[in-house]
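Residue numbers (this note's numbering): 18 to 825. Report on the structure given below.
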């Protein structure tokens, strides 16, 4: 690994000189009786004589606050936080700085009970670098985590992906990245109840303490621990789509003043349908249609998945805490069956021939990750030090059997072909990081950190062709291979955050040294990469008045290729369609600029510009000479995107909350194909209207209705045509709020299917996709034990794991 001394020079230079403190100030740290810091508590300084507000501040993540610029006099300090009794202290003849040390808030059980009944309306808060969607104790919190993600402003879930506009975000849970593949993540969110969720943050400009790959972040925040004792819940869901599917699970949580234990088990049994009607026009030398291949492709996927995760917090004392957690995902059964019927026509649409292919994939995989974290809090106002070590082991085995049968112009059988493949992947990921947080006076903080990660992947594939003359299999040396991949990344960062009366600033810099070696054993080819990069980020906000503010953001980020995409193997969908990796892929670098304004607390207008160099797309490239299609990832020259957003949210009535989002944006892709420079662009619109209603006197009946429109947009030199999504969910509390019945209807209007068109250079095709998104889901959850007890459930953050993907 290369090392650059400029990293440490930067870290030293990034530590600002703390200015001379004001002569009179008040500081302290607010905690619960369990010694847990209380974030966002209000500390208000009142005049002793008439109780008028003089000044105030909010506590940071460590519960620390400071109120400065105070004149001499008599005051009283009042600290408030929902669910706790107010804290009041008289401060007479104040003439110098006072550090009140640790202030302990006493739990107000009566208030807490009242909150759990009446707080039923979600709220939205737009900040300079993120949008915060608060859903605790609302109708949405009675569904699944996936239901909440789908209802989050600016977030779209479709085709097995989570998108923020046209970008796949990095998903975090409690500031720690979910350590699963994209399909496993959706499965986990769908099977997990949302009753422990506090809010979702859509972070469009992540600060430097996030990994440089975090171009956009979706951070799911779980609720804080509020009481000791035991609680649990059992839940089950039945979903009827094209085929029935179901899942169920059990949550267990126990808390004392020294230890918190959370454990969860869930089981999911799915059968998902997908159907495509595709047409590929193969062209002659004049780019005129020579042949048209029309295919009907039916895909069915069966999965049986077990998920176990646990989290243990141990509080040694008020300054030291340890955390041990793990997520275990086992998929002992995965079957993927593809039936492909292709008819071939000439340029006059006359039938020439046809073939049928039946291909069956069977997988076994496990994803095991383990984390150890330790936090040490220094003396009051001196900050905290956090260490995390992580290990993931990922195993993926896939077998495939394929049979094709060919027929002539008269529909007479000609001949068959058959083959089988055996592919295996082993991935080990190790990361280690240290973070230091220093609260600064005058409402500021400084974060410093270093991180090291190493990824090792070993993959192999064997292909055997079947000889129908001898009825024996023949080993195919050309398409059998082995590939080893080794990647090391060393990162360091500094991030500074400061609030003034009207201005707020969050600025940071992250540096990363990356060393990569990929080796194809059978072809004796080695690809090495080594690069050192800087990743600045800044968010600046000006609060002109209570009803008007402006902000601007900038961030540079990197997207490294997925491990699967770097693998040079060739996977055969049939004799004419291949998926091929690309070991020569380079990372993608993106510059993202934003300018926005908040008008009152209800309206946000935002403009942005984003430029990505070397963007990676898996393109379907047709070979007009051989009538074959190869799906392969490539780096294109650049992608430019710019647009305008409008967001509004408000309570129409005390029982009706509404938010609306609309975005108009343009995407332009440009790259060189041989001698041809291809440039395509498309204007698009993304709009959401979401309504949440509460009914009955005790607000125990809730309804959430959302509609989403996505116009046609450009993705990888293909135009994905418009679609319309509709979702309805109803929840009813029963058995004195211990039970919850739920009903969900997705894609009721059956408008989520879409068409993809490709026409540029010598490429010409159409794909019609019918997804299994139309369903009805019935669910029931029952809570037992102390139902007011909040969990410490969370998942750790390892961005390297996100690049593990299935071999679909």
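For every residue, glycine included, the Cβ atom is placed at its ideal position computed from N, Cα and C.
Sorted by chain position, which residues of the same chain lie with C-beta nearer than 6 Å to residue i's C-beta, five sequence neighbours on each side aside?
i: residue 385; result: 345, 410
i: residue 522; result: 515, 557
i: residue 348; result: 322, 382
i: residue 588; result: 596
i: residue 329; result: 278, 341
i: residue 727; result: 703, 740
i: residue 97; result: 59, 103
Where does residue i sit, in a helix, a strand or coil, going by DSSP?
i: residue 163; result: helix
i: residue 420; result: strand
i: residue 338; result: strand
i: residue 62; result: strand
i: residue 581; result: helix
i: residue 16; result: Within the shown structure, residues of the chain are numbered from 18 to 825, placing residue 16 beyond reach of any answer.
i: residue 440; result: strand
i: residue 763; result: strand
i: residue 223; result: coil
i: residue 768; result: coil
i: residue 291; result: strand
i: residue 451; result: strand
i: residue 361; result: strand
i: residue 114; result: coil
i: residue 41; result: coil
i: residue 355; result: strand
i: residue 367; result: coil
i: residue 511; result: strand
i: residue 525; result: strand
i: residue 229; result: coil
i: residue 661; result: strand
i: residue 624; result: strand
i: residue 802; result: strand
Please list, in chain order, all residues of the same chain as residue i whose beta carbon is under 7 Å from its beta carbon, the five residues on each side excluded.
i: residue 45; result: 82, 116, 117, 118, 120
i: residue 626; result: 610, 659
i: residue 792; result: 256, 257, 258, 763
i: residue 729; result: 699, 701, 736, 737, 738, 739
i: residue 101; result: 122, 123, 124, 125
i: residue 401; result: 79, 392, 393, 394, 395, 454
i: residue 92; result: 62, 63, 64, 65, 71, 108, 111
i: residue 280; result: 269, 327
i: residue 55; result: 47, 48, 49, 76, 80, 98, 122
Are there 16 or more other CB atoms within 10 angstroms of the CB of residue i, so buried, or fewer, so exposed?
i: residue 530; result: buried
i: residue 504; result: buried
i: residue 261; result: exposed
i: residue 299; result: buried
i: residue 671; result: exposed
i: residue 707; result: buried
i: residue 561; result: exposed
i: residue 337; result: exposed
i: residue 564; result: exposed
i: residue 134; result: For residue 134, the pLDDT reaches just 33, beneath the cut-off of 50, and the residue's location in the model is therefore unreliable, although a value from the coordinates is still provided. Result: exposed.
i: residue 350; result: exposed
i: residue 127; result: In this prediction, residue 127 has a pLDDT of 42, which is less than 50 and means its spatial position is unreliable; what the coordinates show is noted afterwards. The residue in question, residue 127, is exposed, as its Cβ has fewer than 16 Cβ neighbours within 10 Å.
i: residue 537; result: buried
i: residue 548; result: exposed
Taking residue i and residue j to be in contact with their CB atoms under 8 Å, please state how far apart those CB atoms are, rounded to whole angstroms.
i: residue 676; j: residue 665; result: 7 Å
i: residue 605; j: residue 566; result: Not a contact, Cβ separation roughly 32 Å.
i: residue 249; j: residue 272; result: About 12 Å separates the two Cβ atoms, so there is no contact after all.
i: residue 686; j: residue 733; result: 7 Å
i: residue 599; j: residue 650; result: 5 Å
Determine whether the Cβ of residue i lies closer than 8 Å to any Cβ atom of chain B.
i: residue 389; result: The chain inventory of the structure shown lacks chain B, comprising one protein chain alone.
Quick one: residues in its chain with C-beta nearer than 8 Å to the C-beta of residue i, no 5 flanking neighbours on either side, listed in chain order?
i: residue 519; result: 559, 560, 561
Could you say if the stretch 455-465 and the stretch 430-441 meet the contact criterion of at least three C-beta pairs nearer than 8 Å? no
Across the stretch 72-87 and the stretch 53-62, are there enough close Cβ pairs to call them in contact, namely three or more that are closer than 8 Å? yes
Say whether the stretch 221-235 touches the stretch 765-785, bearing in mind that this needs 3 or more beta-carbon pairs closer than 8 Å, one atom from each stretch. no
Is it true that the stretch 364-374 meets the stretch 389-400, where meeting means three or more beta-carbon pairs spaced less than 8 Å apart? no
Does the stretch 416-427 come close enough to the stretch 371-381 to have 3 or more Cβ pairs within less than 8 Å? yes
Any contact of the stretch 284-293 with the stretch 304-311, i.e. 3+ C-beta pairs under 8 Å? no
At least 3 beta-carbon pairs within less than 8 Å: the stretch 441-451 vs the stretch 486-493: no
Can at least three beta-carbon pairs, one atom from the stretch 774-782 and one from the stretch 690-698, be found at a separation below 8 Å? yes
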